[in-house]
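Okay, structure first, notes after.
Residue numbers (the working numbering): 1340 to 1441.
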């Protein structure tokens, strides 16, 4: 079943992630859609949805592997370090709901 998703599936998931999940920089909330990271996250987590492997541990691994450029690329930081713990839990919940509707 791997890679059986469509562009439309990724776009829907990407939109949901972009509207609901944010990074926190100096108490500023920058939603992933505004940071242009929502599609990357959706593409990386979608195979977990298909394989029924959505868990905090799996999502944490994915977020840790996504590197975010700061300062025009002077520094790279794992996305997991920019998303507050409560928002990471929100992402897991969002993905579990999405998976249940597949």
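C-beta: ideal position from N, C-alpha, C; glycine also.
Which of helix, strand or coil DSSP assigns to residue 1436: Here residue 1436 refers to the residue found at position 97 of the chain shown. Helix, per DSSP.
Cα-Cα separation between residue 1370 and residue 1349, rounded to whole angstroms: The count along the chain shown starts at 1 and reaches residue 1370 at position 31. The count along the chain shown starts at 1 and reaches residue 1349 at position 10. Residue 1370 and residue 1349: Cα-Cα distance of roughly 17 Å.
Alpha carbon of residue 1380 to alpha carbon of residue 1362, nearest angstrom: The count along the chain shown starts at 1 and reaches residue 1380 at position 41. The count along the chain shown starts at 1 and reaches residue 1362 at position 23. Their backbone Cα atoms lie some 13 Å apart in a straight line.
Ranges of the beta strand (DSSP E) found wholly within the segment 1349-1407, counting only runs of at least 3: 1361-1364, 1367-1370
6 Å CB neighbourhood of residue 1418 in its chain, flanking five on each side removed: In the chain shown, the residue the question calls residue 1418 occupies position 79. Contacts found: 1402, 1405, 1407.
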